[in-house]
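Report on one structure; see the data block that follows.
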Amino acid sequence: MGNSRSFEDLVAEGAAVPTEGWDFSWFEGRATEARPSWGYARTAGDRLTWANTALDVQTGGGEVFDFALGRAAVQPPMMVAATEGWPPNVAKATALLRSRGVVVVAAAEDAPLPFADAAFDLVLSRHPVRAHWPEIARVLRPGGTYFAQHVGPRSAVELVEHFLGPQPEDVSGARDPERERAGAEAAGLEVVGLRAERLRMEFHDIAAVVHFLRKVIWMVPDFTVEAYEPRLRSLHEQIETTGPFVAHSTRHLFDVRKPLA
Numbered sequence: 001m002g003n004s005r006s007f008e009d010l011v012a013e014g015a016a017v018p019t020e021g022w023d024f025s026w027f028e029g030r031a032t033e034a035r036p037s038w039g040y041a042r043t044a045g046d047r048l049t050w051a052n053t054a055l056d057v058q059t060g061g062g063e064v065f066d067f068a069l070g071r072a073a074v075q076p077p078m079m080v081a082a083t084e085g086w087p088p089n090v091a092k093a094t095a096l097l098r099s100r101g102v103v104v105v106a107a108a109e110d111a112p113l114p115f116a117d118a119a120f121d122l123v124l125s126r127h128p129v130r131a132h133w134p135e136i137a138r139v140l141r142p143g144g145t146y147f148a149q150h151v152g153p154r155s156a157v158e159l160v161e162h163f164l165g166p167q168p169e170d171v172s173g174a175r176d177p178e179r180e181r182a183g184a185e186a187a188g189l190e191v192v193g194l195r196a197e198r199l200r201m202e203f204h205d206i207a208a209v210v211h212f213l214r215k216v217i218w219m220v221p222d223f224t225v226e227a228y229e230p231r232l233r234s235l236h237e238q239i240e241t242t243g244p245f246v247a248h249s250t251r252h253l254f255d256v257r258k259p260l261a
């Protein structure tokens, strides 16, 4: 297969790319991930067309919410807000979403949502660290909807295990869609739709692996190039010899409603 660039050059490039936001365009030509069939951002745009008030939770750099708002046939006429906990992303989301009238609020991912009860018709989220179901239920008005794409269990486990070795099953089941369904129902919400898919990922060079692990920090929580240099080098040699490294992401789509009564 082979790549004319050296291991050192590729690793240095992957280590230098900024990690703010959820724009993955840098990966074009160097890594791919199949997209779920349901088209989350496009469908979220359709939902926004009918909302008066909307909130995007853990918006990252605001890119997905911005795309969804751009897809909406009509902009929500009242309050549109987003939350984000990482300061560089708060700044990026504020700059991106300001022109759409979105209020971006700095709020830690595990903190209560800084909004009044029954404030929103629609709550969106793409890849929240975890869903805080009681808070989602609290800020939704009766009849309102939570529409979100979550990361499923053992996502990209093949890549994680290359660096960390065999991983035990998640005994807490925190990312299991059925466990999350139970959490939503315990908060008084009705799960009207739940879909799950397993999707192919390919990494075509080691720069893409380095950038991915720096960007998606929970995959290998203590990742640094220096600490994992031997594992990076062995993976580089594997890609050079046999072609792209293949892993699989897991995603599930929640369509959740707060009952009227």
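The UniProt record's numbering applies: residue 1 is where the sequence shown begins, and numbers increase by one.
Each residue gets a CB set at the ideal place from its N, CA and C atoms; glycine is no exception.
Taking all protein chains in view, the Cβ of Ala41 is crowded by 16 or more other Cβ atoms within 10 Å, so the residue is classified as buried. Rounded to whole angstroms, the Cβ separation of Phe203 and Phe245 is 4 Å, and the two are in contact under 8 Å. In the pairwise beta carbon analysis, the stretch 59 to 73 is classified as not touching the stretch 231 to 251: fewer than three pairs are separated by under 8 Å.
About 5 Å separates the beta carbon of Pro36 from that of Arg251, a gap short enough to meet the 8 Å contact definition. The DSSP assignment places complete alpha helix (DSSP H) segments of no fewer than 4 residues inside the stretch 91 to 154 at 133 to 139, in order along the chain. Contact check for Val80 against Ala54 passes: the beta carbons are separated by less than 8 Å. Of all C-beta pairs linking the stretch 90 to 99 to the stretch 163 to 172, fewer than three are shorter than 8 Å, placing the two stretches out of contact.
Inclusion of Gly188 and Asp255 in the CB contact set at 8 Å is not warranted, their separation being larger than that value. Here His127 has Val151 as same chain residues with Cβ atoms under 6 Å from its own Cβ, once five neighbours each way along the sequence are excluded. For Glu180, the closest C-alpha among the options Ala156, Arg233, Leu253, Pro77 is that of Leu253. With fewer than 16 neighbouring CB atoms inside 10 Å of its own CB, Gly29 falls in the exposed class. Spatial neighbours of Ala186 in its own chain (CB-CB distance under 8 Å, excluding positions within 5 residues in sequence) are listed in chain order as Trp133.
Contact check for Val220 and Val160: beta-carbon distance about 6 Å, within the 8 Å limit, so the pair qualifies. Under the DSSP assignment, Val191 falls in the beta strand (DSSP E) whose first and last residues are 190 to 203. Counting other Cβ atoms within 10 Å of its Cβ, Asp205 reaches 16 or more and is therefore classed as buried. The beta carbon of Ala208 sits closer than 8 Å to the beta carbons of Gly14, Phe27, Arg30, Ala31 from its chain, once the five residues preceding and following it are set aside; these are given in chain order. If you compare the alpha carbons of Val74, Pro114, Glu20, Ala34 with that of Asn52, the shortest gap goes to Val74.
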